[in-house]
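Chains as they are written, first to last, in the working numbering: chain A, 1 to 373; chain B, 1001 to 1372. Note sheet for the following structure.
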Amino acid sequence: MRRLGFLVRKEFQELRRNPRMFPVIFIAPVIQLFILGYAATTDVKNVPLMVVDADRSPASRDLIARFEGSPYFSVVGVTSRDGDVLTAIEERRAWMALSIPPGFGAMIGRGDPVTVQVVTDGTDSNSATVGMAYASSLISERAAELAAARRPPGAPRVGAIEARIRVWFNPQLSSLHFMVPGVLALLLMIVTTVLGAMAIVREKELGTLEQLNVTPLKRWELTVGKLLPFGLIGMIDVVLVVSVAVLWFEIPLRGSFPLLFVLSLVYLLCTLSLGLFVSTISDNQQQAMMTAVFFFMMPMIYLSGFIFPIENMPAVIRPVTYLIPLRYYLVIVRGIFLKGVGLESFWKDALLMLGWGVAVLALATMRSKKTLS
Amino acid sequence: MRKALAVGRKEFRQIVRDRRTLMILLFVPAFFLMLYGYALNWDIRHVRLAVLDREHSTESRKLVSAFANSAYFDIVATPASMREIERLMDRGEARVALVVPEGMTRDLQSGRTASVQVIINGDNANTATAIFGYAQAVAQGVSASLQLELAGGRAMAPPIAVQPRIWYNPELQSTLFLVPGLIAFIVMISSVVSTSLSIVREKERGTWEQVRMSPITTPAYVVGKTIPYFFISLVSAFLIIAASMVLFDLPVRGSWLLLLLAVSVFLVGALGTGLLVSTLVDSQALAFLIGLLISLLPTFVLSGFIFPIASMPAPIRIVTYAVPARYFLVALRGIVLKGVGFGTLAPQFAALGSYAFVVLALASVRLAKERG
């Protein structure tokens, strides 16, 4: 135990000797959370829309005004030539185009049916789908008004169906509430895995591992001694980023903070042990970096359910996601933040995450023996 | 130039000796593209819908079948009460619920607005937003056709019809959207990862003194350090593109030469970014951390890879101009999916070129200072 204390003190001394590390460890994640928290919005709004108005009548201007007034679209130009649409979409200045045919106003005046064209750049399939739905609902709104105004005298007045849409668990449908906890989890993962990944391999590369080798330090003391200082750093990071999420982004913390804190420590155990494990299987820091980034961090980003729903993945891939600790942590953070639920609803995830962390730490400890011999 | 080549050769030999690094740089990107390209999609089809129809009239059935036939929704349950809906939603068995209240037809016929309720599980805001849009569109469509029917007593064409046209990706497959993004992401990360340790490693190992003393000019040294990684990454990038064509039917509609140019300019900028990081710090751990923080999440979030830039708040949109992947993605999607030419993409190429120039110049200046 005393030996462990010495190792921890040595690690802290080394950290202190590298003062540039601190701003990066503590301030960079906070700044990133600010920027990325706002940027990671899956809302579709301000879709740049090009309008081809071949009619230039009050009726066409009225339809355009509806698009201008909608928060979902931002009209980037009104033209009368069809060719402009192609250029604008090719240059990606516009994502959608509304094309009003000549005679639009006259046909509406006569009561003839008329068709407008909505062009969408399908390369961004998500925005295209949503934008198309918004556009057709704006147009059908106008159509419904016309239909109501046109009803023959004496015909019964007909009401419209209105969809009252309520969103549960996230009433403002704010992707902020959904994404900020995810970004928080990713930032913690990046900082702590990097610290862990460099820990042992650095000694190897600098040749100081030999020195540790001849001390009476036990294997588990080496891994735990490396883990503890980084764990402390990680804890400070947890408090920092959670404060930003709650105080700045005003994400309601509906569940218990102590529970969140304790489970975040379990998550840190996972990410740090993962880093240490990478450290023990690499010969130099560059290898450690590549292994960590490609084999561990990227799968965490893509396969954890951070943004891509796990239910959408093919059945072959879904089992793989159970190997990703971030998957469990995301369920936990989002559960505590958004739903205000506790262990009763995610105890399985918490348990699996804990088991994962302990297993990987044990693996790293076992591997560190081989590298020490 | 000969000296730059000598540095390049030395660096290359070092990479080749480290088998794992070389393998990771060359083949792992293509492997992961396969994995992710296959695993990821957010096509919103077959959303599980629960329907509670309290009205049971022709009109309400019309509404329900419009939802069922829309390709977006699958009716998975017809609960009898709100409590049952709550249970279905809580357990995730249904993600959307449609509640048609009693008296909908009566309201319609007497000219009042009939409200139907749509409940969406909002825990994934992304899918919820899309479902929100679909639900509204379906309801409005039915509303318009019912209004016409009830008013005219006969089937009439709607006053304004929408003719949707989707260009470049008519089936709106998310794979075609995501794969170019994955290409940009993987290329960016592997470049930054490969160079961000290159110079600081020499410092940490003590070989930096030798570099300082050698009679090579700083720009030549920078070029030499970048060249091997440039070619390795270029090979890896085209392996990824080839894999996407074979596996995901990614079309390359534009010119291959232009594609090569775009990838090259982007690569130089990305490698330069790593190099710059390497000159700014004095430990590999810190270089690793900074390299990841400036490349991993920004390329993922701020490039338009996944999150539409137009939807971001204005100050954040300004930040995205500093992310090279932003320009590369427009160029890549333009060349690959739209088949556009250099003229259209000139602004993107100019931005990528300037970015590459600036980071390499900064890295050279920093290095010149370090060498004293």
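Virtual Cβ for every residue (Gly too), placed ideally from N, Cα, C.
CB of residue i within 8 angstroms of CB of residue j, strictly
| i | j | result |
| --- | --- | --- |
| MET1188/B | SER1295/B | yes |
| SER1174/B | ASN284/A | no |
| GLU1055/B | THR1105/B | yes |
| LEU361/A | SER273/A | yes |
| PRO1029/B | SER1255/B | no |
| TYR267/A | LEU217/A | no |
| PHE261/A | VAL241/A | no |
| VAL47/A | SER99/A | no |
| LEU1146/B | VAL1100/B | no |
| GLY122/A | GLY196/A | no |
| PHE1032/B | PHE294/A | yes |
| LEU1352/B | VAL1222/B | no |
| ASP117/A | GLN1163/B | Before going on, a small fix: residue 117/A reads as Gln here, not Asp. Yes, the pair counts as a contact, with Cβ atoms nearer than the cut-off. |
| ARG1371/B | THR1218/B | yes |
| MET1089/B | ASN1121/B | yes |
| VAL1076/B | GLU1093/B | yes |
Residue i - containing alpha helix (DSSP H), residue span
| i | result |
| --- | --- |
| GLY69/A | 58 to 69 |
| TRP1256/B | 1256 to 1280 |
| PRO1029/B | 1028 to 1039 |
| ILE1189/B | 1174 to 1195 |
| ILE251/A | No alpha helix (DSSP H) contains ILE251/A, which DSSP labels as neither H nor E. |
| ASN1121/B | Element bounds for ASN1121/B: not the alpha helix (DSSP H) but the beta strand (DSSP E), 1114 to 1121. |
| ALA1363/B | 1342 to 1371 |
| LEU86/A | 83 to 90 |
| VAL320/A | Unbroken run through VAL320/A: none, as it is neither H nor E. |
| ARG1048/B | Element bounds for ARG1048/B: not the alpha helix (DSSP H) but the beta strand (DSSP E), 1047 to 1053. |
| ILE1216/B | Where ILE1216/B is concerned, there is no enclosing alpha helix (DSSP H), given that its DSSP letter is neither H nor E. |
| MET1310/B | The question names Met, but residue 1310/B in the sequence shown is Ala. Taken as a continuous stretch (DSSP letters only), ALA1310/B belongs to no alpha helix (DSSP H), as it is neither H nor E. |
| PHE1012/B | 1002 to 1017 |
| PHE296/A | Counting along the chain, PHE296/A falls outside any alpha helix (DSSP H), and DSSP gives it neither H nor E. |
| PRO29/A | 28 to 39 |
| ILE1298/B | Note that residue 1298/B is Pro in the sequence shown, not Ile. Taken as a continuous stretch (DSSP letters only), the alpha helix (DSSP H) holding PRO1298/B covers 1284 to 1301. |
| PRO229/A | 219 to 243 |
| LYS339/A | Element bounds for LYS339/A: n/a, residue is neither H nor E. |
Cβ distance (whole Å) where residue i is taken to contact residue j below 8 angstroms
| i | j | result |
| --- | --- | --- |
| SER279/A | VAL214/A | The Cβ separation is near 20 angstroms, so there is no contact. |
| ALA1220/B | MET1034/B | The pair is not a contact, with the Cβ atoms about 38 angstroms apart (cut-off 8 angstroms). |
| PRO1079/B | ALA1050/B | 5 angstroms |
| SER1303/B | LEU1329/B | 6 angstroms |
| LEU377/A | GLU221/A | Residue 377/A cannot be examined here, being either before or after the span of chain A that is shown, 1 to 373. |
| SER1194/B | GLY1274/B | 7 angstroms |
| LEU330/A | GLY357/A | Going by Cβ atoms, the distance from LEU330/A to GLY357/A rounds to 15 angstroms, so no, they are not a contact pair. |
Delimiting residues of the beta strand (DSSP E) encompassing residue i
| i | result |
| --- | --- |
| VAL78/A | 73 to 79 |
| PHE1073/B | 1073 to 1077 |
| ASP53/A | 47 to 53 |
| SER99/A | 96 to 100 |
| THR120/A | 114 to 121 |
| LEU1098/B | 1096 to 1100 |
| ALA1161/B | 1160 to 1167 |
Any C-beta of chain D under 8 angstroms from that of residue i
| i | result |
| --- | --- |
| LEU361/A | Structure shown: chain D not included; protein chains present are A and B. |
For this session: Mind the definition here: the stretch 336 to 347 of chain A touches the stretch 1175 to 1187 of chain B only if three or more C-beta pairs lie below 8 angstroms; say whether that holds.
Result: no
Exercise. Residues in the stretch 1185 to 1200 of chain B with C-beta within 7 angstroms of chain A's C-beta atoms, listed in sequence order?
Worked result: ILE1189, VAL1193 and LEU1197
For this session: Using a Cβ-Cβ cut-off of less than 7 angstroms, give me the residues of the stretch 1270 to 1288 of chain B that come near chain A, in sequence order.
Result: VAL1281, SER1283, GLN1284, ALA1285, LEU1286 and PHE1288
Problem set entry | Any 3 or more C-beta pairs closer than 8 angstroms across the stretch 1359 to 1368 of chain B and the stretch 1277 to 1296 of chain B | Touching, per the Cβ criterion.
Problem set entry | Short-range partners of chain B found in the stretch 123 to 146 of chain A, where Cβ spacing is below 8 angstroms | THR123, ASP124, SER125, ASN126, SER127, ALA128, THR129, VAL130, MET132, ALA133, TYR134, ALA135, SER136, SER137, ILE139, SER140, GLU141, ARG142, ALA143, ALA144 and LEU146
Exercise. According to a CB-to-CB cut-off of less than 8 angstroms, which residues of the stretch 327 to 357 of chain A neighbour chain B?
Worked result: ARG334, LEU338 and LYS339
Exercise. Does the count of Cβ pairs from the stretch 1157 to 1171 of chain B and the stretch 1009 to 1026 of chain B closer than 8 angstroms reach three?
Worked result: no
Exercise. According to a CB-to-CB cut-off of less than 8 angstroms, which residues of the stretch 101 to 113 of chain A neighbour chain B?
Worked result: ILE108, GLY111 and PRO113
Problem set entry | Interfacial residues, the stretch 32 to 50 of chain A to chain B, with Cβ spacing under 8 angstroms | GLN32, ILE35, LEU36, TYR38, ALA39, ALA40, THR41, THR42, ASP43, VAL44, LYS45, ASN46, VAL47 and PRO48
Problem set entry | chain B contacts from the stretch 284 to 308 of chain A (Cβ-Cβ distance under 9 angstroms) | Result list: ASN284, GLN285, GLN286, GLN287, ALA288, MET289, MET290, THR291, ALA292, VAL293, PHE294, PHE295, MET297, MET298, PRO299, ILE301, TYR302, LEU303, GLY305, ILE307 and PHE308.
Exercise. Which of the residues in the stretch 1132 to 1147 of chain B, read from start to end, lie with their CB under 9 angstroms from any CB of chain A?
Worked result: PHE1132, GLY1133, TYR1134, ALA1135, GLN1136, ALA1137, VAL1138, ALA1139, GLN1140, GLY1141, VAL1142, SER1143, ALA1144, LEU1146 and GLN1147
Exercise. Got a sec: which bits of the stretch 1017 to 1031 of chain B sit with their beta carbon under 7 angstroms from any beta carbon on chain A, in order along the chain?
Worked result: ASP1018, ARG1020, THR1021, ILE1024 and VAL1028
For this session: Taking only beta carbons into account, state which residues of the stretch 14 to 25 of chain A come closer than 9 angstroms to chain B, listed in chain order.
Result: ASN18, ARG20, MET21, VAL24 and ILE25
For this session: Report yes or no: do three or more beta-carbon pairs, one from the stretch 29 to 36 of chain A and one from the stretch 71 to 91 of chain A, lie closer than 8 angstroms?
Result: no
Exercise. Mind listing which residues of the stretch 181 to 203 of chain A have their C-beta closer than 8 angstroms to chain B's C-betas, in chain order?
Worked result: VAL183, LEU186, LEU187, ILE190, VAL191, VAL194, LEU195, ALA197, MET198 and ARG202
For this session: Return the residues of the stretch 1224 to 1239 of chain B that lie within a Cβ-Cβ distance of less than 7 angstroms from chain A, sorted by chain order.
Result: none
Problem set entry | Residues, ordered as in the chain, of the stretch 1307 to 1321 of chain B that lie near chain A by beta-carbon distance below 9 angstroms | Here the close residues are PHE1307, PRO1308, ILE1309, ALA1310, SER1311, MET1312, PRO1313, PRO1315, ILE1316, ARG1317, VAL1319 and THR1320.
Problem set entry | Members of the stretch 71 to 95 of chain A near chain B, C-beta cut-off 8 angstroms | Within the stretch 71 to 95 of chain A, the qualifying residues are SER74, THR87, ILE89, GLU90, GLU91, ARG92 and TRP95.
Problem set entry | Segment contact flag, the stretch 100 to 111 of chain A with the stretch 126 to 139 of chain A, C-beta cutoff 8 angstroms, min 3 pairs | no
Exercise. Are three or more beta carbon pairs between the stretch 16 to 29 of chain A and the stretch 1284 to 1301 of chain B nearer than 8 angstroms?
Worked result: yes
Problem set entry | Positions along the stretch 1323 to 1336 of chain B whose CB lies within less than 8 angstroms of some CB in chain A | Within the stretch 1323 to 1336 of chain B, the residues whose Cβ lies closer than 8 angstroms to any Cβ of chain A are, in chain order, VAL1330, ARG1333 and GLY1334.
Problem set entry | Residues of the stretch 247 to 281 of chain A with Cβ closer than 7 angstroms to any Cβ of chain B, in chain order | Listed by position, the residues of the stretch 247 to 281 of chain A near chain B (Cβ gap below 7 angstroms) amount to none.
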